[in-house]
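Notes follow once the structure below has been shown.
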Amino acid sequence: MTGLRLVLLSLSIIPSFQLSAQTVDDLAIRFAGMTAVTGLEQAMTDTLLTLVPGSIRDRAGNVTVSLGSGTPKRLVACALDEVGYVVGNITPDGYLTLRRVGAPPTPLFDQQLEGERVTVFGARGAVPGIGAVRSTHLTRGRIGPSSPDPVFTVDNAYVDLGAASAADARALGIDLLSPVSLAKRPHRYGDRLLAAPAAARRASCAALAAAVQGKPKVRGTVVAAFTVRSLYATTGVEAVQSLQGPFAEALLLWSGRRTAAGRAPADTLALATRYTDTAVETVSLKDGDALAKRLVRWMEAR
Amino acid sequence: MSTLVATLLWGSLWAQDSARVAEAQAVLAPLVEAYGVSGAEGPVREAVKRLLPAWAQAETDTAGNLWVRVGNGDPVVVFIAHLDEIGFTVTGIRDDGSLELQTRGGFFSSLFEGQPALVHTPKGDVPGVFMPRDSGLVRHTPPPLRVDVGTTSRAATMARGVSPGSTVTMAKQFVRLAGTRATGRSFDDRVGCTAQLLALRHLDRAALKHQVIFVFSTREEIGLEGAHAAAAALGKTAQRVHAIDTFVSADSPLELSNFAVAPIGQGAVARALDNSSITPPAYVDSLVRVARARGVKLQVGTTNGGNDGSMFTSYGVVDVAMGWPLRYSHSPAEVVDLRDVVSLADMIQAVAETW
């Protein structure tokens, strides 16, 4: 066998697309550090527009990119958004009170705010704050062992920015409807495990972004959509269906409403999670890597 | 871009800091970011040593307390702030690799549930997560917490250097808030340590009329154990002890305002009455006079909690505790005003030099 034929044979067995595990890991960690309160995802979609070549933002706020041409026309979509909060009021002494956006996925969801770092996204940038909590010392002797132990709810939540007045808070660029979330600090542990709020959604979007960045040889047309508002009122993916459909097939990368893809037959492919819907929702980055490879195969209809 | 804007915004706010506030932050931040669960204070003690003025001669006793002595003669006056912080120790490793824990100090365990964890081992910190409870169990307080370090067997966990006795905390960071306020975990009692360090740096040693001892103590959170050893070592030698510890403040929308009303940003606090000691009223009055003479902001109040100084009182030593107002004590998001740290440091210096 000549050297040239060896080279040609080698090239023929190299997959048309090769993912770097580091790429998926990096994207997943980067996305997990972002905040996209449902309906208020613009900061994250701004970033996606820079990361995904050829992508556009549709009128609903989704980021989409169309790959290939002709038929069949298929849709693959991940969900960017998360249940979060907006500023509902600012008290005269500078505390923020909150309104939740999206239904709490667990009864203890709001309790995660208590005594933890939060971030408020104001007109002048991200502002650190904390969720107020009673001081341990000052409860001593005041709560009997038979007293009720009610769960902390959003109505108990006061965000302390360090501001001493409402004017101080507003001077930081904070106002009604400013998005609020737990401070995002993606945490790696074990063997390529990633813990963060909404880790599975972010890792799924990372896998999709990595798959698109790899320029797969698409069969027909594939619309890859990074969608908004999967958790509140109308869904972003329905808007994609209306604006760019109909699709012969749809693949949704999150569990939940199968009707979200409109009339297209939709399959769901969600990453396995541990500690779901908590601040340490955990996914395996190995699974994210495998998902990206599977998406490439799906796009190439292999 | 938003990050850049935020950096510029906060940078411009910090630029307005006085030199004293900036100095307080430069000492406090590294102390807050050191880990030292009760009984494992080594990293904090080493951080304190690094921050001492060059002239200071520090000694560590068998209880782990760090001592710095200044001046000579009677009456001996002691300042004492504690090095340790609340947290957990590993009591067992299950077959599935997860860690069973015991609390060290008093706090709401719900604040650690479902949060990132750090297991401190001789091989370094091992990351994990405090496992959230099963979703069906709905009440504020979780069952005893465990930590998942991402392994599936006891052997795999131990191979990472984790063993019973390892201490466990969650990652922490010193973060500036609006104005001169800041948040972090273990301000209790790293602020006390900071105030003592700042006082030592600014102390006019030539002005001292008697010996002053600065103690950085261990195991306060689990029963004032380091202070017990320090008090026993000094016996009746000391005349006064000033515990330098948190004044847990009711300055929060969630607290009752029946007592402990010392707003943050309004200065240091004479901790005149707590759960472990009562300062004789004449000594509170003296403290107020010292503050007025030096123009230092001082509040007077009563709060909950114990203090290291109470270990000295059985030897006839008077405990004149001082602190600074703190919001959200023993939580991962304590809040302090750095101006109060400066006031407390100034009070320590004034007391050492003039009382």
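Protein chains in written order, with the numbering used here: chain A, 3 to 304; chain B, 18 to 372.
Ideal Cβ placement from N, Cα and C applies to all residues, glycine included.
My guess is that residue i and residue j are in contact by the Cβ rule of under 8 Å, so how many angstroms apart are they, rounded?
i, j, result
"Val-162/A", "Val-305/B", "Reading the sequence as shown, one finds Asp at residue 162/A and not Val. Contact flag wrong, Cβ pair sits at about 30 Å."
"Leu-174/A", "Val-129/A", "5 Å"
"Gly-70/A", "Gly-216/A", "About 14 Å; that fails the 8 Å criterion."
"Leu-77/A", "Val-242/A", "7 Å"
"Met-219/B", "Gln-366/B", "Here residue 219/B is His; the residue named in the question, Met, does not match the sequence. At roughly 5 Å, the Cβ-Cβ gap stays under 8 Å, so His-219/B and Gln-366/B are in contact."
"Ser-183/B", "Val-265/B", "About 29 Å separates the two Cβ atoms, so there is no contact after all."
"Pro-60/B", "Arg-187/A", "21 Å between Cβ atoms; not a contact."
"Val-232/B", "Asn-82/B", "5 Å"
"Thr-158/B", "Asp-151/A", "5 Å"
"Val-179/B", "Thr-211/B", "The Cβ separation is near 31 Å, so there is no contact."
"Gln-316/B", "Gly-284/B", "6 Å"
"Leu-260/B", "Ala-338/B", "Residue identity check: residue 260/B is Ala in the sequence provided, not Leu. Correct: roughly 4 Å between the Cβ atoms."
"Leu-51/A", "Arg-59/A", "6 Å"
"Met-187/B", "Leu-135/B", "6 Å"
"Arg-225/A", "Ser-57/A", "This sequence places Val at residue 225/A; Arg is not what is there. Contact doesn't hold; Cβ gap of about 11 Å is too wide."
"Leu-271/B", "Arg-136/A", "5 Å"
"Ser-167/A", "Pro-94/A", "7 Å"
Kindly list the residues whose CB is nearer than 6 Å to the CB of residue i, restricted to its own chain and excluding five residues on each side of it in sequence; keep chain order.
i, result
"Val-359/B", "Arg-37 and Ala-41"
"Gly-350/B", "Going by the sequence as given, residue 350/B is Ala instead of Gly. These residues qualify, in order along the chain: Thr-200."
"Arg-102/A", "Tyr-87 and Val-156"
"Met-148/B", "Arg-163 and Asp-165"
"Ser-206/A", "Cys-80, Leu-255 and Leu-273"
"Gly-318/B", "Ala-279 and Val-286"
"His-189/A", "Ala-197"
"Met-18/B", "Low per-residue confidence applies at Met-18/B: pLDDT is 42, beneath 50, and the placement is therefore not dependable enough to give any value."
"Leu-361/B", "Ala-212, Ala-285 and Trp-341"
"Ala-224/B", "Glu-370"
"Ala-57/B", "Thr-184"
"Tyr-277/A", "Glu-283 and Thr-284"
"Thr-320/B", "Phe-264, Val-265, Ala-277 and Asp-291"
Output, in chain order, the set of chain D residues within a Cβ distance shorter than 8 Å of residue i.
i, result
"Gln-113/A", "Absence of chain D from the displayed structure is noted, the protein chains being A and B."
Tell me which residues share the same chain as residue i and place their Cβ nearer than 7 Å to its Cβ, disregarding the 5 neighbours each side in the sequence.
i, result
"Asp-221/B", "Glu-370"
"Asp-363/B", "Arg-311 and Val-313"
"Leu-128/B", "Ser-348 and Pro-349"
"Ile-239/B", "Ser-55, Arg-121 and Gly-122"
"Leu-294/A", "At residue 294/A the sequence reads Ala, which differs from the Leu that was named. Here the set comprises Leu-21, Val-26, Ala-209, Ala-212 and Ala-213."
Considering only DSSP beta bridges, list what residue i is partnered with.
i, result
"Arg-339/B", "Correcting the residue identity first, residue 339/B is Met in this sequence and not Arg. Beta-bridge pairing links Met-339/B to Ile-261/B and Ala-287/B."
"His-189/A", "Ala-197/A"
"Glu-76/B", "Trp-84/B"
"Leu-98/A", "Ile-92/A and Val-161/A"
"Ala-303/A", "The partner list for Ala-303/A (beta bridge, DSSP) is empty, contrary to what the question assumes."
"Thr-223/A", "Gly-70/A and Lys-75/A"
"Ile-230/B", "Arg-86/B and Val-95/B"
"Asp-354/B", "Arg-198/B"
"Gln-316/B", "Val-286/B"
"Ile-110/B", "Leu-116/B"
"Val-103/A", "Gly-86/A"
"Thr-284/A", "Ala-197/A and Arg-276/A"
"Asp-269/A", "Leu-253/A"
"Ile-295/B", "Leu-290/B"
"Arg-344/B", "Val-352/B"
"Val-136/B", "Val-143/B and Val-185/B"
"Gly-333/B", "Answer is none; Gly-333/B lacks a bridge partner."
"Gly-323/B", "Partner(s): none; Gly-323/B has no beta bridge."
Quick one: what's got a C-beta closer than 8 Å to residue i's C-beta in the same chain, skipping five residues either side?
i, result
"Glu-84/A", "Thr-37, Ala-38, Val-39, Thr-40, Gly-104, Ser-183, Pro-199, Ala-200, Arg-203 and Leu-233"
"Glu-117/B", "Val-107, Thr-108, Gly-109, Ile-110, Arg-111, Pro-161 and Arg-163"
"Asp-268/B", "Val-278, Ala-279, Pro-280, Ile-281, Pro-342 and Arg-344"
"Val-44/B", "Leu-68, Thr-211, Leu-214 and Leu-215"
"Gln-24/A", "The pLDDT assigned to Gln-24/A is 47, lower than 50, so where the model puts this residue is not dependable, and the model offers no usable value."
"Ile-132/A", "Gly-117, Glu-118, Arg-119, Val-120, Val-161 and Asp-162"
"Leu-217/B", "Leu-69, Pro-70, Ala-73, Val-85, Val-87 and Phe-231"
"Val-93/B", "His-227, Gln-228, Val-229, Ile-230, Leu-251, Thr-254, Ala-255 and Gln-256"
Taking only heavy atoms of the ligand HEM into account, decide whether any of them is closer than 7 Å to the Cβ of residue i.
i, result
"Thr-121/A", "As presented, the structure is devoid of all ligands, the ligand HEM included, so that no description of it is given."
Next on the checklist: Check whether the stretch 287 to 296 of chain B and the stretch 307 to 327 of chain B touch, using three or more Cβ-Cβ pairs below 8 Å as the test.
Outcome noted: yes
Checklist entry - Taking one C-beta from the stretch 284 to 292 of chain A and one from the stretch 187 to 198 of chain A each time, how about it: are there three or more such pairs within less than 8 Å? => result yes
Checklist entry - Where are the alpha helix (DSSP H) runs, 4 residues long or more, that stay fully inside the stretch 141 to 207 of chain B, in chain order? => result 171 to 176
Item to check | Whole beta strand (DSSP E) elements within the stretch 35 to 76 of chain A, 3-residue minimum | outcome: 65 to 70
Checklist entry - What are the start and end residues of each continuous alpha helix (DSSP H) run of 4 or more residues lying completely inside the stretch 108 to 159 of chain A, in chain order? => result 138 to 141
Checklist entry - Are the stretch 112 to 128 of chain A and the stretch 332 to 344 of chain B touching, with three or more C-beta to C-beta distances below 8 Å? => result no
Next on the checklist: Would the stretch 80 to 99 of chain B count as touching the stretch 241 to 260 of chain B if we require 3 or more Cβ pairs under 8 Å?
Outcome noted: yes
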